[in-house]
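To keep things clear, I will list the structure first and then write my remarks on it.
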Amino acid sequence: MAEKISVRQGLFIEDAEGGVLLANKCKRCGQVFFPKAIFCLSCSSDDLDEVKLSRTGKLYSFTTSNLPSMHFQAPYAIGFINMPEGIRVFSPLVIAEDKPFQVNMEMKLIIDKLWEQNGKDVYGYKFKPV
Ligand SMILES: [Zn+2]
Numbered sequence: 673m674a675e676k677i678s679v680r681q682g683l684f685i686e687d688a689e690g691g692v693l694l695a696n697k698c699k700r701c702g703q704v705f706f707p708k709a710i711f712c713l714s715c716s717s718d719d720l721d722e723v724k725l726s727r728t729g730k731l732y733s734f735t736t737s738n739l740p741s742m743h744f745q746a747p748y749a750i751g752f753i754n755m756p757e758g759i760r761v762f763s764p765l766v767i768a769e770d771k772p773f774q775v776n777m778e779m780k781l782i783i784d785k786l787w788e789q790n791g792k793d794v795y796g797y798k799f800k801p802v
């Protein structure tokens with residue numbers, strides 16, 4: 673089996689229920705950032721706590737491409753997910769034939785293989801229709 677590596681350290685953790693995205697939250701003003709910010713882009717405080725984002729969010733917008741990209745075979749989809757924490761996450765989307773994308777539909781986070789690189793499986797996050 674190919675070695676499994678994360679597309680980027682510190683973006684998510686895997687657990688028994690799937691996975692969660694790791695964000696951070698400003699202790700002064702409450703703004704949440706994903707990916708994590710080094711300091712708060714709202715109030716400039718550097719006092720930030722790590723927080724886990726919800727496992728589901730609502731689809732805000734999406735697009736499907738019929739041309740392959742550097743990493744993804746066509747067709748593939750990408751979009752923005754509105755999270756309950758008040759932020760919007762950009763993510764690859766899983767295309768489900770029986771659940772066509774619709775704005776505001778509920779989407780669930782999964783941790784999945786994104787592509788192969790130098791014989792290793794590169795893992796990252798995606799959202800799929802619930
Ligand atoms: Zn702040």
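Just so we're aligned, residue 673 is where the sequence shown starts under this note's numbering, counting upward by one.
Just so it is clear, CB atoms sit at the ideal spot from N, CA and C, and this is done for glycine as well.
Would you say the beta carbon of residue i is closer than 7 Å to some non-hydrogen atom of ligand 1?
{"i": "Arg727", "result": "no"}
{"i": "Arg700", "result": "yes"}
{"i": "Ser733", "result": "no"}
{"i": "Ser763", "result": "no"}
{"i": "Ser717", "result": "yes"}
{"i": "Ser741", "result": "no"}
{"i": "Gln681", "result": "no"}
{"i": "Gln703", "result": "yes"}
{"i": "Ser714", "result": "yes"}
Alpha carbon to alpha carbon, how far is residue i from residue j?
{"i": "Cys701", "j": "Leu739", "result": "42 Å"}
{"i": "Lys785", "j": "Glu778", "result": "22 Å"}
{"i": "Pro801", "j": "Tyr748", "result": "14 Å"}
{"i": "Ala651", "j": "Asn776", "result": "Residue 651 lies beyond the stretch modelled for the chain, which goes from 673 to 802, so this question has no answer here."}
{"i": "Gly758", "j": "Gln703", "result": "8 Å"}
{"i": "Glu722", "j": "Lys708", "result": "8 Å"}
{"i": "Glu769", "j": "Ile710", "result": "39 Å"}
{"i": "Ile720", "j": "Phe799", "result": "In the sequence as displayed, the identity of residue 720 is Leu instead of Ile. Looking at the two C-alpha atoms, the distance is approximately 26 Å."}
{"i": "Arg874", "j": "Leu731", "result": "Outside the modelled stretch of the chain, which goes from 673 to 802, sits residue 874, for which no answer is possible."}
{"i": "Leu713", "j": "Tyr795", "result": "28 Å"}
Starting from the C-beta of residue i, find all residues in its chain whose C-beta is less than 8 Å away, skip the five residues before and the five after it, and write them out in chain order.
{"i": "Ile750", "result": "Phe734, Thr735, Ser737, Phe762, Ser763, Pro764, Leu765"}
{"i": "Ala674", "result": "Glu788, Gly791, Lys792, Asp793"}
Ordered along the chain, which non-local residues of its own chain (more than five positions away) have a Cβ less than 7 Å from that of residue i?
{"i": "Ile685", "result": "Gly691, Val692, Leu694"}
{"i": "Ser726", "result": "Met755, Pro756, Glu757"}
Determine which residues share a DSSP beta bridge with residue i and list them.
{"i": "Glu769", "result": "Answer by DSSP bridge pairing: none, since Glu769 is not bridged."}
{"i": "Asn790", "result": "Looking at the DSSP assignment, Asn790 forms no beta bridge with any residue, so it has no partner."}
{"i": "Pro764", "result": "Ile750"}
Let me know the beta strand (DSSP E) ranges lying completely inside the segment 681 to 744, each 3 residues or longer, listed in chain order. Here the runs fully enclosed are 684 to 687, 690 to 698, 720 to 724, 728 to 737.
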